[in-house]
Structure formats: structure tokens, C-alpha cells
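Chains A and B are the protein sequences, given in the same order.
The first sequence: position 126 = 126 (the numbering used here), numbered continuously.
The second sequence: position 48 = 48 (the numbering used here), numbered continuously.
Have a look at the structure below before the remarks.
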Amino acid sequence: MTIAQIIFIAISAITVIASILVVASRNLVHAALWLVLSLAGVAVLFVLLQASFLAVVQVVIYIGAIAILIIFAVMLTRRVMRETKPQVNRYWWIGALAALLLFVTLVVILNQVPSAASSVSELPLPEEDLLSMLGTALVDVDGFVLPFEVASVLLLAALIGSLVIARPIKLDAEEGDEA
Amino acid sequence: MIPLSWYLIVAAAIFCIGIYGVLARKNAVGILMGIELMLNAVILNLVAFWRYLTPSLIGGQAFAVIVFAVAASEAAVGLALIISIYRRHSTVVADEINMLKW
């Protein structure tokens, strides 16, 4: 067993256990903090995959923005869900069964896919060249400029949409009076 | 070296845990956390396939970047919806959010 394998096993064990605690914690703030640990574990897996840019993006967007946004939402909506009440619905065992079944199916199928056994090859370029290649490809007309722009428009629409959806009720009522 | 299947199995595990969270959680914010876990597993799969099968094509990483953008907008809109529902109906329990039922 090489050092890379030991690191991989340790990191993925931490990630999977943290993910389980995300769905199992009674306290949602704790669940959000476990989510941060799980996302950080995936960021380390990106580093192991030599995708340095994506590891940084994972930390900045997921841990820096999404996890903090979730913690904010938990705190804003805190009073309604007491931790003593059950946190799962009546059919939680069907959900657990479905998840387990899907996992077993996926693992069985993975064992039959030939490319799943492929081992890693050397990167064709040094990592920093790959990074500049990714940057160029995202704004290249022959590359991914169209998906990139669509993603930008999607982000803008989501920004405006969430501002409109989440604005206070009072503003809505005032506009209703004018109409 | 680490075989590709190890990454795929870890990603599958995270994805299935996320599915359980989405199906079983009562709190809408908890459901959203499950969705985030699932999206993260998908990105991990994409990056692992890129690294092992087509490291010379940058498309795999570009696709992962797009998925990041979609995940960010999904989280923003979802949480805005939850906060809006909480303001109007004082609930974040998914079972009680049934205003669209006639």
C-alpha cells in the first residue's frame, strides 16, 4: 500500500462519515458544520486528482459561500424545528432502503465496467499549463465560451430571482396597495 | 496507485447518503444539504473520470466548473424560497408546505 492510497482511504473515510453525520444529526447547525467537513474532504480528493483549480473553487464556493448560506438559513429559521421532535419523516426507512439499494447496484455495476479498473497515467502537461489551458478554453470561441456565458447568465438570474423571492413581506404589501 | 473505481465508490457512497438525506429529512434546509452532497459527488465523479480517462482534454474540468455554477445558483434560489416560505407561513417542514394543494 502506497502513501497515496493511505491518504486516500483516510480522507474518504472522513468524508463519508461526515456525510453520514450531515443526514443523521438532530441539530441542523451541527449538520451544517459536518457538511463543511465533508466538502473539505472532497476538496482534498480534488488535490489528489491533481485538479488544483477545482480544489480551490470547492473551498471558495462550497465552503465559503454555500455552507455559510446554509448556516444563515438554519439560523434564520431556527425556532420552528425543535431538536427533540423527530427530524425524519415517517417513510425514512424507505429512503434508507432506496439509498442502500442504489449504492449496492452502483458498486455491482462498477465492477463490470472495464474503464473503472484503469490506472492513472501521467498528466500530459504540467499542472500550471493545464490551468492556463482551462482558463483559455473557458473563453475560447472554439472552446467553452457559450456554456460559460450561459452559466454567467444563470448565476445572474439566480441572484435576481432570490432577491425578489426573499424580500420582506412588507414590500409586497406596499406594492399591493398601490396597484 | 489509486484505481479509478475507488473514487467512483466514494462518490457513489456520498451520492447515496445525499439521497437518503433528501428522502428522509423533514426540514427543508436539511433536504437542501442532501442535494449539495449529491451535487458534490457528481463533481467528484466528473473530475475522477477526467483525470483517469481523458487528462489531455480540458472539457472534463470545464464541465465541473459549470456544475459548480449551477450548484451555487441552486443553493441561492432554494434558500431564498425556504426563507420566503418561513416568513409567510412560519414553517420549514417539507410536509407542511402544501400551499399548492387545492
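Glycine residues also receive a C-beta, built at the ideal position from the N, C-alpha and C atoms.
For clarity, every value in this text was computed on a predicted model and none was experimentally measured.
If we ignore side chains and look at the alpha-carbon of each, how far apart do residue i and residue j end up?
i, j, result
"Lys101/B", "Leu32/B", "22 angstroms"
"Arg51/B", "Leu101/A", "28 angstroms"
"Val88/A", "Val59/A", "29 angstroms"
"Leu154/A", "Ala67/A", "20 angstroms"
"Leu37/A", "Ala18/A", "6 angstroms"
"Gly60/B", "Ala11/B", "16 angstroms"
"Ala190/A", "Ile109/A", "Nothing can be reported for residue 190/A, as the shown portion of chain A is limited to 1 through 179."
"Glu149/A", "Leu156/A", "11 angstroms"
"Ile66/B", "Ala151/A", "6 angstroms"
"Phe53/A", "Arg90/A", "42 angstroms"
"Arg167/A", "Thr91/B", "17 angstroms"
"Ile85/B", "Ile97/B", "8 angstroms"
"Ala95/A", "Ala24/B", "The question names Ala, but residue 95/A is Gly in the sequence shown. About 6 angstroms."
"Ile70/A", "Leu81/B", "12 angstroms"
"Leu35/A", "Gly64/A", "12 angstroms"
"Val29/A", "Val74/A", "7 angstroms"
"Gly30/B", "Leu159/A", "22 angstroms"
"Ala32/A", "Val22/A", "7 angstroms"
"His89/B", "Ser56/B", "52 angstroms"
"Asp129/A", "Val93/B", "48 angstroms"
"Ala179/A", "Val107/A", "In this predicted model, Ala179/A has a pLDDT of only 47, less than 50, meaning its place in the structure is not dependable enough to derive any value."
"Phe15/B", "Asp142/A", "33 angstroms"
"Met1/A", "Ser121/A", "18 angstroms"
"Leu163/A", "Gly21/B", "27 angstroms"
"Thr15/A", "Trp6/B", "13 angstroms"
"Val42/A", "Arg87/B", "34 angstroms"
"Arg26/A", "Leu138/A", "42 angstroms"
"Ala76/B", "Ile19/B", "20 angstroms"
"Ala99/A", "Asn27/B", "19 angstroms"
"Val145/A", "Ala64/B", "14 angstroms"
"Thr77/A", "Ile169/A", "16 angstroms"
Less than 9 angstroms between CB atoms is the rule here; does residue i satisfy it with respect to chain B?
i, result
"Ser115/A", "yes"
"Ala179/A", "At Ala179/A the pLDDT is 47, less than 50, meaning the model places this residue with poor confidence; the figure from the coordinates comes in the next sentence. Not closer than 9 angstroms to any Cβ of chain B, the Cβ of Ala179/A fails to qualify, so no."
"Val42/A", "yes"
"Val56/A", "no"
"Leu125/A", "yes"
"Ala99/A", "yes"
"Val59/A", "no"
"Ala158/A", "yes"
"Ser12/A", "yes"
"Leu110/A", "yes"
"Leu102/A", "yes"
"Leu45/A", "yes"
"Val23/A", "yes"
"Val141/A", "no"
"Leu134/A", "yes"
"Leu37/A", "no"
Report the partner residues of residue i according to the DSSP bridge assignment.
i, result
"Arg109/B", "Residue coverage of chain B in this structure runs from 1 to 102, which leaves residue 109/B outside it and unanswerable."
"Val57/A", "Its beta-bridge partners do not exist; DSSP assigns none."
"Val93/B", "Asn27/B"
Please report whether the beta-carbon of residue i lies at a distance below 9 angstroms from any beta-carbon of chain A.
i, result
"Asn27/B", "yes"
"Met33/B", "yes"
"Ile83/B", "yes"
"Leu79/B", "yes"
"Asn98/B", "no"
I want to verify the contact list: residues of chain C whose CB lies under 9 angstroms from the CB of residue i, in sequence order.
i, result
"Met1/B", "In the displayed structure, chain C is absent; the protein chains listed are A and B."
Write down the C-beta distance between residue i and residue j rounded to the nearest angstrom, noting that I regard them as a contact closer than 8 angstroms.
i, j, result
"Ile17/B", "Leu44/B", "With 8 angstroms as the limit, Ile17/B and Leu44/B do not qualify as a contact, their Cβ atoms being about 13 angstroms apart."
"Ile7/A", "Leu48/A", "7 angstroms"
"Ala4/A", "Met1/B", "7 angstroms"
"Leu4/B", "Ala48/B", "6 angstroms"
"Phe103/A", "Ala62/B", "The pair is not a contact, with the Cβ atoms about 29 angstroms apart (cut-off 8 angstroms)."
"Val57/A", "Phe68/B", "6 angstroms"
"Gln50/A", "Leu123/A", "6 angstroms"
"Leu53/B", "Ser118/A", "7 angstroms"
"Ile11/A", "Leu39/A", "With a Cβ gap of about 12 angstroms, Ile11/A and Leu39/A do not count as contacting."
- Item | Entirely enclosed alpha helix (DSSP H) segments - the stretch 13-75 of chain A, minimum 4 residues | 28-48 and 52-57
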